[in-house]
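Number of protein chains: 2
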Amino acid sequence: MLIENAPPADGRPPKPRAKSGSAGSAAPAAPPSAKAPRTARGEKTLRKILTAALEEFGEYGFSDASIVGITRRAKVALGTFYTYFDSKEEVFQGLVRDMSAQVGEYVAPALSGAGDGLERERRALAAFLRFAAEHKQVYRIIDEAEFVDPEGFRTHYETIAERIAGRLAEAAANGELREDESPLAHEVIAWATMGANVFLGLRFAVWGSSDPEEVAAITSRLLRHGLGAK
Amino acid sequence: MLIENAPPADGRPPKPRAKSGSAGSAAPAAPPSAKAPRTARGEKTLRKILTAALEEFGEYGFSDASIVGITRRAKVALGTFYTYFDSKEEVFQGLVRDMSAQVGEYVAPALSGAGDGLERERRALAAFLRFAAEHKQVYRIIDEAEFVDPEGFRTHYETIAERIAGRLAEAAANGELREDESPLAHEVIAWATMGANVFLGLRFAVWGSSDPEEVAAITSRLLRHGLGAK
DNA sequence: TCGAAACATGAACCGGGTTTCAACTTTACA
DNA sequence: TGTAAAGTTGAAACCCGGTTCATGTTTCGA
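In the order they appear, the protein sequences are chains A and B. Our numbering runs 21 ahead of the 1-based position in the first sequence. Our numbering runs 21 ahead of the 1-based position in the second sequence.
Here you go:
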């Protein structure tokens with residue numbers, strides 16, 4: 022019986038995992054390791070491929086999506102794909118990092134402006150729900166990253182959780198929050214909040230389409246006052 | 022041509038989705054459509070295959086998992102697999118339904134006993150976290166169901182959300198909860214709670230291993246009193 | 001204008017995993 | 001004990017999509 026991710030009983034060779042391209046947060050698109058385009062034409066083609074990949078992966082999911090499908094959508098030849106990416110995994114990774122950043126950029130503006138910490142959190146959720154409704158493929162891709170690009174997936178959520186925790190700490194320092202002595206508290210609350218947001222997005226933006234403001238308002242009351250009577 | 026699941030823009034043939042076996046909640050294991058074993062020997066073999074499949078999928082994920090891998094673990098011949106299942110997708114589906122039920126059964130006992138509604142919810146979360154820690158493969162499989170068996174995935178979470186919402190309604194009827202006039206409120210809160218629980222499981226039980234009671238306690242305070250000062 | 005580097009093309013290669021199947025073994029039951 | 005049904009076997013057919021590569025085209029700086 023398995024202990025903790027014990028190595029397989031038999032000697033199955035571990036899957037080579039493509040090393041993550043540095044990518045960083047430079048240009049809008051996410052060019053991979055050492056295959057960045059050197060030309061205006063190349064730049065354009067790369068962007069076409071990334072857009073096509075987003076659609077293809079968003080529609081079919083990773084394994085049913087095909088490179089041919091991507092290049093057909095992008096209206097380039099099959100081989101062109103390999104001018105910019107080493108493998109199917111690699112585009113996917115590029116996409117995950119790109120999309121991850123995009124969510125952040127979309128939500129950021131909601132964080133500035135009037136109101137206390139919890140009010141900012143409310144606006145962040147509303148923004149996130151709007152984003153999810155408008156970009157359902159992105160949602161799917163980030164979810165599937167758990168399996169195709171675990172590192173990217175983890176980084177994505179850890180980053181968000183840290184941001185939330187940071188804001189909580191700030192609000193706490195301002196005396197806006199009830200105190201919770203547990204050292205784990207901030208992190209737990211951050212992950213709880215994030216999980217709530219993600220599932221609300223899935224249910225009320227991707228699957229259904231309720232008013233983001235209303236959903237955010239209800240959740241915000243929950244976060245501020247809790248459910249207990251009195 | 023299919024109506025639901027609108028066809029892709031181009032003429033790509035829609036993936037045939039195996040019709041879900043009735044399965045129901047009869048025997049412990051989840052036998053598929055019309056291939057249930059008729060013999061003690063068969064029953065045993067089926068169980069071996071299901072156990073092996075759980076390990077294989079849990080370890081490698083759906084697409085990297087292989088039928089050969091499953092049958093090797095189960096110590097049966099490759100062909101035997103097809104005595105019980107029509108395809109790789111079908112075992113996975115069977116597993117999802119099985120695991121979904123298992124989570125429910127594990128958590129159920131925590132719901133009876135002393136305490137008000139929110140206290141029961143706290144115990145449910147603690148139980149869930151224990152389950153997640155002990156069955157990381159299950160966690161992974163249910164997550165991956167979003168892509169391999171969307172219907173099973175959706176059913177799983179809708180069922181849980183309904184249960185939570187039901188308990189909330191009950192607690193509300195008992196006057197235990199602050200009132201929220203919005204008609205959406207119960208459902209939103211149920212999904213928020215569920216999402217929080219799932220992410221807490223991922224972070225503090227699957228990835229990390231914090232004390233379930235502590236995590237549940239923090240979350241419970243959040244749910245009861247909120248974060249607001251005073 | 002010219003040449004080298006960047007880019008584009010798509011047929012063919014290739015490997016691996018799913019699924020089939022005909023022969024064989026075990027079980028159930030009269 | 002006999003035999004039909006249930007179950008088992010694993011080699012091989014089959015399929016399919018990722019990846020390669022030799023050839024042709026475009027870009028761009030000198």
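Even for Gly, the Cβ is constructed at its ideal location relative to N, Cα and C.
Between residue 247(B) and the ligand HEM, is there a pair consisting of the residue's CB and a ligand heavy atom that are separated by less than 6 Å? Inclusion of the ligand HEM in the displayed structure is not the case, the ligand content being empty and no account of it being possible.
If distances are taken between C-alpha atoms only, which option among 132(B), 149(B), 152(B) comes closest to residue 141(B)? Minimum Cα distance to residue 141(B) is reached at 132(B).
With H, G and I counted as helix, E and B as strand and the rest as coil, what does DSSP make of residue 115(B)? Look at residue 115(B) here: in three-state DSSP terms it is helix.
When you compare only the Cα positions, how much space is there between residue 93(A) and residue 99(A)? Answer to the nearest angstrom: the Cα atoms are 8 Å apart.
DSSP state of residue 249(B), grouped into three classes? Annotated three-state conformation of residue 249(B) is strand, per DSSP.
Residue 164(A) CB to nearest chain B CB: under 7 Å? Against chain B, the CB of residue 164(A) has a partner CB under 7 Å away; the residue lies at that interface.
Mark residue 60(B) as exposed unless 16 or more other C-beta atoms lie within 10 angstroms of its C-beta, in which case mark it buried. Burial state of residue 60(B) is exposed, judged by a 10 Å Cβ sphere holding fewer than 16 other Cβ atoms.
Taking C-beta to C-beta, are residue 263(B) and residue 185(B) nearer than 7 Å? There is no way to answer for residue 263(B), as the model of chain B reaches only from 22 to 251.
Report the rounded CA-to-CA distance for residue 47(A) versus residue 75(A), giving the unit in angstroms. Low local confidence applies: a pLDDT of 34 at residue 47(A) is under 50, so the model's placement there is unreliable, and no value is given.
Any C-beta of chain A sitting closer than 7 Å to the C-beta of residue 116(B)? Residue 116(B) does not count as touching chain A.
Taking C-alpha atoms, which residue in 251(A), 246(A), 232(A), 243(A) lies nearest to residue 147(A)? Ranking 251(A), 246(A), 232(A), 243(A) by Cα distance to residue 147(A) puts 232(A) first.
Under the rule that 16 or more other beta-carbon atoms within 10 Å means buried, what is residue 135(B), buried or exposed? Classification of residue 135(B): exposed, given that the 10 Å Cβ count is below 16.
Contacting residues, own chain, Cβ-Cβ under 6 Å from residue 95(B) (five flanking each side not counted): Excluding positions up to five away in sequence, the list reads 69, 70, 73.
Which value, in whole angstroms, describes the spacing of the CA atoms of residue 238(B) and residue 226(B)? Rounded to whole angstroms, residue 238(B) to residue 226(B) spans 15 Å at the Cα level.
Among 116(A), 57(A), 182(A), which one has its Cα closest to the Cα of residue 77(A)? When each option's Cα is compared against that of residue 77(A), the closest is 116(A).
Test item: CB-CB of residue 248(B) and residue 244(A) under 7 Å: Yes; because the gap between Cβ atoms is below 7 Å, this pair is in contact.
With 7 Å set as the bound, which would you pick, yes or no: does the beta-carbon of residue 184(A) sit closer than that to a beta-carbon of chain B? Chain B contact via Cβ: absent.
Please report how far the alpha carbon of residue 251(B) lies from the alpha carbon of residue 137(A), in whole angstroms. If I take the Cα positions, the gap works out to 15 Å.
Proximal residues to residue 101(A) (C-beta, below 6 Å), its chain only, five neighbours per side dropped: Taken in chain order, the list of residues that qualify is empty.
Tell whether a beta-carbon distance below 7 Å holds between residue 167(B) and residue 164(A). A Cβ-Cβ contact shorter than 7 Å links residue 167(B) with residue 164(A).
Compare the C-alpha of residue 208(B) against each of 178(B), 160(B), 144(B) and name the closest. The residue among 178(B), 160(B), 144(B) with its C-alpha nearest the C-alpha of residue 208(B) is 178(B).
Residue range of the alpha helix (DSSP H) that includes residue 220(A): 206-222 is the extent of the alpha helix (DSSP H) around residue 220(A).
On the criterion of 16 or more Cβ atoms from any shown chain inside 10 Å, does residue 194(B) qualify as buried, or is it exposed? With fewer than 16 Cβ atoms within 10 Å of its Cβ, residue 194(B) is classed as exposed.
Determine the contact status of residue 128(B) and residue 153(B), defining contact as a CB-CB distance below 7 Å. Cβ distance not < 7 Å, so residue 128(B) and residue 153(B) don't count as in contact.
Do residue 212(A) and residue 220(B) come within 7 Å of each other at the CB atom, strictly closer than that value? Their beta carbons are under 7 Å apart, which means residue 220(B) touches residue 212(A) by this criterion.
In whole angstroms, what is the alpha-carbon distance linking residue 242(B) and residue 109(B)? Straight-line measurement puts the Cα of residue 109(B) at about 44 Å from the Cα of residue 242(B).
What alpha helix (DSSP H) runs, 4 residues minimum, are completely inside the stretch 73-136 of chain A? Runs of the alpha helix (DSSP H) inside the stretch 73-136 of chain A: 88-95, 99-105, 109-132.
Other residues of its chain near residue 235(B): CB distance less than 8 Å, five sequence neighbours each side excluded: Excluding positions up to five away in sequence, the list is empty.
Cβ closer than 7 Å: which chain A residues qualify as neighbours of residue 82(B)? Correct list: 168.
I'd like to confirm the pairing. Which residues does DSSP put opposite residue 198(A) in its beta bridges? Assignment of beta-bridge partners to residue 198(A) by DSSP yields 249(B).
Can you confirm whether residue 219(A), when its beta carbon is compared against all beta carbons of chain B, has any partner nearer than 7 Å? Output row for residue 219(A): interface = yes.
Nearest candidate by alpha-carbon position, reference residue 181(A), set 82(A), 80(A), 124(A), 81(A): A check of alpha carbon separations from residue 181(A) across 82(A), 80(A), 124(A), 81(A) identifies 124(A) as the nearest.
Coil, strand or helix - residue 47(A) by DSSP: With a pLDDT of 34 at residue 47(A), under the threshold of 50, the predicted position of this residue should be treated as unreliable, though the coordinate-derived value follows. The answer is coil: DSSP assigns residue 47(A) none of H, G, I, E or B.
Less than 8 Å between the CB atoms is what I'm expecting for residue 216(A) and residue 217(B), so what's the real figure, rounded? The C-beta distance from residue 216(A) to residue 217(B) rounds to 5 Å, short enough to meet the 8 Å contact threshold.
Where residue 192(A) and residue 126(B) are concerned, what is the direct C-alpha to C-alpha distance, given to the nearest angstrom? Rounded to whole angstroms, residue 192(A) to residue 126(B) spans 40 Å at the Cα level.
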